[in-house]
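Enquirer: Numbering (the numbering used here), first residue to last: 433 to 1027. Glycine included, every Cβ here is placed at the ideal spot set by N, Cα and C. Since the model is a prediction, treat every value here as computed from it, not as a measurement. The structure's right below; bear with me while I get my questions together.
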Amino acid sequence: MSTIIDTDALVASPESGLLPIDEAAGRWVDQKLGALNLDQKIGQLLVFPHYGPFITPDVEEFVRRHHVGGLRIAQKFLPGATDSREDGAMDDIHRRPDVNTFDRPESLDRIACTASEFAEKLNELRDMAMERAGGVPLHMAFDQEGEGADFLFEQRLFPFPLGQTVDNDPNFARRVSRAIGMQARALGANMIHSPVLDVNTEPANPEIGPRSYGDNPDTVTRYALAALRGLDEAGIIATGKHFPGRGHSRTDAHFGLPEIALSREELWRDHLAPFKALIAAGLPAIMAAFTAYPALGAAGIPAATSRAIVTDLLRDELGFKGVVTTDNVQMGGLLEKYDMGEAVVRCLIAGCDLVLCRAYSPQRLQVINAIKAAVNEKRYREADLDISVRRILEMRWRMGLAENGGKVDASAAGELFNDSRIISLAKEAARRSTIVLRDRAGLLPLSSTKKILLIEQIHHFHRFINNGYSHPGMLWQELRAIAPNIATVAVNEKLTESDRVAIRRRLTEADIIISTSYYNYRSHAIMLPMLEELRVCSKPLVVVSNTPYEKFGVPAWADTAVVSFCPSGRENIRALAEVLTGKIKPTGKLSLSRL
433 MSTIIDTDAL
443 VASPESGLLP
453 IDEAAGRWVD
463 QKLGALNLDQ
473 KIGQLLVFPH
483 YGPFITPDVE
493 EFVRRHHVGG
503 LRIAQKFLPG
513 ATDSREDGAM
523 DDIHRRPDVN
533 TFDRPESLDR
543 IACTASEFAE
553 KLNELRDMAM
563 ERAGGVPLHM
573 AFDQEGEGAD
583 FLFEQRLFPF
593 PLGQTVDNDP
603 NFARRVSRAI
613 GMQARALGAN
623 MIHSPVLDVN
633 TEPANPEIGP
643 RSYGDNPDTV
653 TRYALAALRG
663 LDEAGIIATG
673 KHFPGRGHSR
683 TDAHFGLPEI
693 ALSREELWRD
703 HLAPFKALIA
713 AGLPAIMAAF
723 TAYPALGAAG
733 IPAATSRAIV
743 TDLLRDELGF
753 KGVVTTDNVQ
763 MGGLLEKYDM
773 GEAVVRCLIA
783 GCDLVLCRAY
793 SPQRLQVINA
803 IKAAVNEKRY
813 READLDISVR
823 RILEMRWRMG
833 LAENGGKVDA
843 SAAGELFNDS
853 RIISLAKEAA
863 RRSTIVLRDR
873 AGLLPLSSTK
883 KILLIEQIHH
893 FHRFINNGYS
903 HPGMLWQELR
913 AIAPNIATVA
923 VNEKLTESDR
933 VAIRRRLTEA
943 DIIISTSYYN
953 YRSHAIMLPM
963 LEELRVCSKP
973 LVVVSNTPYE
983 KFGVPAWADT
993 AVVSFCPSGR
1003 ENIRALAEVL
1013 TGKIKPTGKL
1023 SLSRL
């Protein structure tokens, strides 16, 4: 498996970093499955969280005692539970902290860790798993959709999928995906919850947007196939999402149940096409959506709970043989219909194999108990449980986990951050993906004789990473290295009234205003109301956004706008500053039909 972190892979394609399913795989899977009792088999279905640089007692308990088979890992999120402090939460015993819970305030900003520190903790968790009866290894899953990244410390950050399409070069997406996968494998990760196969046909979609490769199924398919190849070469199991396509929604499934009211013909033509193509190309895993599709037999219920979608459509019609995972079962699109235990059981009965639950609370026990009760009551057949566990074990064989449980050299986990090839690709990606959306006002390049005020939001990753690679004020820092006539006022990503007052106080000193307009769908941070206020102050305005869409980043009336699809990484902010000042003349263009 040494080719997984071979940096020559950035310029020369290696063989797949994933192992084939052969006779040795069959023997290993049979031996592992045959040694598992019911509780151990149920544990193999579960993917629970491990975040940050220390292992909380509840994570250790779920690995050792409850035989959890996978972990969703991240540096971005923080360990511990905050949901018990929400209004009314203490009425629900499953959300009450117990002796093993890291009961923390939501206001905790970050717990920083190096790549080596993080990898060392993953190795410790793998040792715990191999010490269990049966010695079934853990797999580690993550997400890294360009700017939307789980890994932030000693990781080069790359643009959102939409930004990878602006030069009409799918091989670029392959190279980016391979680099993302190589960095993740060095940490000890095995499975990515990407690529996004959603075709973003609804510009007002609040959660997909630039996470998608575009609004055309052919474009999405071409780039997703390239990404799949890059991830495969890096030795990462790719997971296409969100089946059967969440690109035509106006509702965020994190907060409610969207319904996509397209006809069956429209869904097949525009939204299922990428899934069909990637399944034919060997896509190893798929994530099922928490969205309703009346035309596909899932009216008023999440797709992941629908046998008509997961089994009849995905398995039988499309012929998918790989692993099906749920999305995070904490999402509002699921829990507005069912409590968590019942929701999970319905997903498994529908045909899902893995259950992703990112709750850091005793609520996870409800999931385990509900599955066991469903098996004992014969709602969820043990034969189906065995089929799912077999698929999961075959996937873990392909990851190479049979060799040493998946442990890596933790001391080398951060080396790729400083590898010249990774750095070169990150710079190339930043320059290629930063685009001038339009310049009707002729404000670019910025004047060297005018007084310019930069209104710079503190991007959530700038606040979280907060080191030399990424920190608050970074755009001003890069601009001032080129143009000393630029002043700044830094504001929160999600504006407060104090931020608005600070902005208003500075407006009179500027001839030209630059304002970031970063959209964060998770926190609902949006700059558009402030942009409307800036519009009426009658000063030339340059909008800088992380999304080109009018309802979230760049309003239609904005005459000059630049888009960076990853304003969280140093390379990307530097490229943005160079575009604004004319040092780089970008040539990339979006091929979207509507903004």
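Around the C-beta of ILE640, are 16 or more other C-beta atoms found within 10 angstroms, so that it is buried, or is it exposed?
Expert: For the purposes of this step, residue 640 is taken as the residue at position 208 of the sequence shown. Counting Cβ neighbours within 10 Å, ILE640 comes out buried, since at least 16 surround it.
Enquirer: Looking at the strands, I want to know which residues DSSP matches up with SER843.
Expert: In the sequence shown, counting from the first residue as 1, residue 843 sits at position 411. The partner list for SER843 (beta bridge, DSSP) is empty, contrary to what the question assumes.
Enquirer: Assign LEU450 to one of three DSSP states: helix, strand, or coil.
Expert: For this step, residue 450 is matched to residue 18 along the sequence shown. LEU450 falls in the coil class under three-state DSSP.
Enquirer: Grouping DSSP H, G and I as helix and E and B as strand, with all else coil, what is ALA712?
Expert: As a working note, residue 712 is residue 280 in the sequence shown. ALA712 falls in the helix class under three-state DSSP.
Enquirer: Helix, strand or coil for PRO481, going by three-state DSSP, please let me know.
Expert: By one-based count along the sequence shown, residue 481 stands at place 49. PRO481 falls in the strand class under three-state DSSP.
Enquirer: With DSSP collapsed to three states, give me the class of LYS1017.
Expert: Residue 1017 sits at position 585 when you count from the first residue of the sequence shown. The answer is coil: DSSP assigns LYS1017 none of H, G, I, E or B.
Enquirer: Give the straight-line distance between the Cα atoms of PHE687 and GLY765, rounded to the nearest whole angstrom.
Expert: Start at 1 with the first residue of the sequence shown, and residue 687 comes out as number 255. Start at 1 with the first residue of the sequence shown, and residue 765 comes out as number 333. Roughly 6 Å between the two C-alpha positions.
Enquirer: Can you give me the start and stop residues for the beta strand (DSSP E) that GLN889 sits inside?
Expert: As a first step, residue 889 is located in the sequence shown; it is residue number 457 there, counting from the start. Segment 884-890, the beta strand (DSSP E) holding GLN889.
Enquirer: Count the C-beta pairs between the region 978-996 and the region 713-727 that are closer than 8 Å, then say yes if the count reaches three, no if not.
Expert: no
Enquirer: Determine the extent of the beta strand (DSSP E) in which ASN924 is found, giving its start and end residues.
Expert: Your numbering for residue 924 matches position 492 in the sequence shown. ASN924 -> beta strand (DSSP E) spans 918-924.
Enquirer: With DSSP collapsed to three states, give me the class of ASP524.
Expert: Taking the sequence shown and counting its residues from 1, one reaches residue 524 at position 92. Because ASP524 carries a pLDDT of 47, less than 50, the predicted location of this residue cannot be relied on, and the following value inherits that uncertainty. DSSP places ASP524 in the coil class of the three-state scheme, outside both helix and strand.
Enquirer: Please identify the residue among MET560, PHE896, ASN1004, GLU768 whose C-alpha is closest to the C-alpha of ASN978.
Expert: Taking the first residue of the sequence shown as position 1, residue 978 is located at position 546. Looking at the Cα atoms, ASN1004 is the closest of the given residues.
Enquirer: Name the DSSP bridge partner or partners of PHE675?
Expert: In the sequence shown, counting from the first residue as 1, residue 675 sits at position 243. Paired residues: ALA720.
Enquirer: Measure the C-alpha to C-alpha separation of ILE624 and GLU941 and round it to an integer number of angstroms.
Expert: Residue 624 sits at position 192 when you count from the first residue of the sequence shown. Residue 941 sits at position 509 when you count from the first residue of the sequence shown. So the alpha carbons of these two residues sit roughly 47 Å apart.
Enquirer: Per DSSP, what kind of secondary structure is MET763 in: helix, strand or coil?
Expert: Start at 1 with the first residue of the sequence shown, and residue 763 comes out as number 331. Residue state, collapsed to three classes: coil.
Enquirer: Express the C-alpha separation of THR723 and ILE692 in angstroms, rounding to a whole number.
Expert: Sequence index remark: in the sequence shown, residue 692 carries index 260 (1-based). Sequence index remark: in the sequence shown, residue 723 carries index 291 (1-based). Those two C-alpha atoms are separated by around 7 Å.
Enquirer: What number of angstroms, rounded off, separates the C-alpha of ILE437 from the C-alpha of ALA658?
Expert: Looking up residue 437 in the sequence shown gives position 5. Looking up residue 658 in the sequence shown gives position 226. Note that ILE437 scores a pLDDT of 37, beneath 50, so its modelled location is shaky and nothing firm can be said.
Enquirer: Can you give me the Cβ contacts of ASP647 inside the same chain, cut-off strictly under 8 Å, excluding the 5 residues immediately before and after it?
Expert: As a working note, residue 647 is residue 215 in the sequence shown. So the list reads VAL631, ASN632, THR633, PRO635, GLY679, LEU1024, SER1025, ARG1026, once near-sequence residues are dropped.
Enquirer: Could you check what DSSP says for ILE437 in three-state terms: helix, strand or coil?
Expert: Residue 437 sits at position 5 when you count from the first residue of the sequence shown. In this prediction, ILE437 scores a pLDDT of 37, lower than 50, which makes its location untrustworthy; no coordinate-derived value is stated.
Enquirer: Determine the extent of the beta strand (DSSP E) in which GLY502 is found, giving its start and end residues.
Expert: As a working note, residue 502 is residue 70 in the sequence shown. Residues 502-506.
Enquirer: Use the C-beta contact count for GLN798: other C-beta atoms within 10 angstroms, 16 or more gives buried, fewer gives exposed.
Expert: On the sequence shown, position 366 is the one that residue 798 refers to. It is buried - the Cβ of GLN798 has at least 16 other Cβ atoms within 10 Å.
Enquirer: Assign ASP601 to one of three DSSP states: helix, strand, or coil.
Expert: Position 169 of the sequence shown, counted from the start, is the residue given in the question as residue 601. ASP601: coil per DSSP, three-state reduction.
Enquirer: Whole angstroms is fine: what's the gap from ARG932's alpha carbon to PRO972's?
Expert: The sequence position of residue 932 within the sequence shown is 500, counting from 1. The sequence position of residue 972 within the sequence shown is 540, counting from 1. Computed Cα separation, rounded: 19 Å.
Enquirer: With three or more beta-carbon pairs closer than 8 Å as the criterion, would you say the region 594-603 touches the region 820-837?
Expert: Not touching, per the Cβ criterion.
Enquirer: Using three-state DSSP, classify ILE854 as helix, strand or coil.
Expert: As a first step, residue 854 must be located in the sequence shown, where it is residue number 422. When DSSP states are grouped into helix, strand and coil, ILE854 belongs to the helix group.
Enquirer: Hey, how far is the Cα of GLU665 from the Cα of ASN532?
Expert: Stepping through the sequence shown from its first residue, residue 665 is reached at position 233. Stepping through the sequence shown from its first residue, residue 532 is reached at position 100. When rounded, the distance between both Cα atoms is 39 Å.
Enquirer: Using a 10 Å radius around the Cβ and a threshold of 16 neighbouring Cβ atoms, would you call LYS673 buried or exposed?
Expert: In the sequence shown, counting from the first residue as 1, residue 673 sits at position 241. Buried.
Enquirer: Using the beta-carbon count (16 or more within 10 Å), is ILE819 buried or exposed?
Expert: Translated into the one-based positions of the sequence shown, residue 819 becomes position 387. ILE819 sits exposed, since fewer than 16 C-beta atoms from the chains shown fall within 10 Å of its C-beta.
Enquirer: Using the Cα positions of GLU1010 and THR948, report the straight-line distance between them to the nearest angstrom.
Expert: In the sequence shown, the residue the question calls residue 1010 occupies position 578. In the sequence shown, the residue the question calls residue 948 occupies position 516. Here the alpha carbon of GLU1010 sits roughly 15 Å from the alpha carbon of THR948.
Enquirer: Can you find the residues in the same chain that come closer than 7 Å, C-beta to C-beta, to GLY520, ignoring five residues on each side of it along the sequence?
Expert: Here residue 520 is taken as the residue at index 88 of the sequence shown, counted from 1. Caution is warranted here: a pLDDT of 48 is assigned to GLY520, below 50, making its placement in the model unreliable, and the coordinate value is therefore given only provisionally. Within the same chain, GLY520 has no close Cβ partners at all.
Enquirer: Provide the residue(s) that pair with SER977 in DSSP beta bridges, ordered along the chain.
Expert: Counting from one through the sequence shown, the residue named residue 977 turns up at place 545. Its beta-bridge partners are SER949, VAL995.
Enquirer: Label ASN469 either buried or exposed according to how many other C-beta atoms from any shown protein chain fall within 10 Å of its C-beta, with 16 as the threshold for buried.
Expert: Numbered from its first residue, the sequence shown carries residue 469 at position 37. Looking at its Cβ environment, which holds fewer than 16 other Cβ atoms inside 10 Å, ASN469 is exposed.
Enquirer: Tell me which residues share the same chain as ILE525 and place their Cβ nearer than 7 Å to its Cβ, disregarding the 5 neighbours each side in the sequence.
Expert: Here the question's residue 525 lines up with position 93 in the sequence shown. Confidence is the limiting factor: at ILE525 the pLDDT is only 43, short of 50, which leaves the residue's position unreliable and the question unanswerable from this model.
Enquirer: Given this structure, state the Cα-to-Cα distance separating ILE914 from SER880, to the nearest angstrom.
Expert: Position 482 of the sequence shown, counted from the start, is the residue given in the question as residue 914. Position 448 of the sequence shown, counted from the start, is the residue given in the question as residue 880. The alpha-carbon atoms of ILE914 and SER880 are separated by roughly 10 Å.
Enquirer: Spatial neighbours of THR1013 within its chain, please: CB distance less than 8 Å, with the 5 preceding and 5 following residues excluded, ordered by chain position.
Expert: Residue 1013 sits at position 581 when you count from the first residue of the sequence shown. Within the same chain, THR1013 has close Cβ partners PRO877, LEU878, LEU911, ILE914, ALA915.
Enquirer: Identify whether ASP785 lies in helix, strand or coil by the three-state DSSP scheme.
Expert: In the sequence shown, the residue the question calls residue 785 occupies position 353. Correct three-state label for ASP785: coil.
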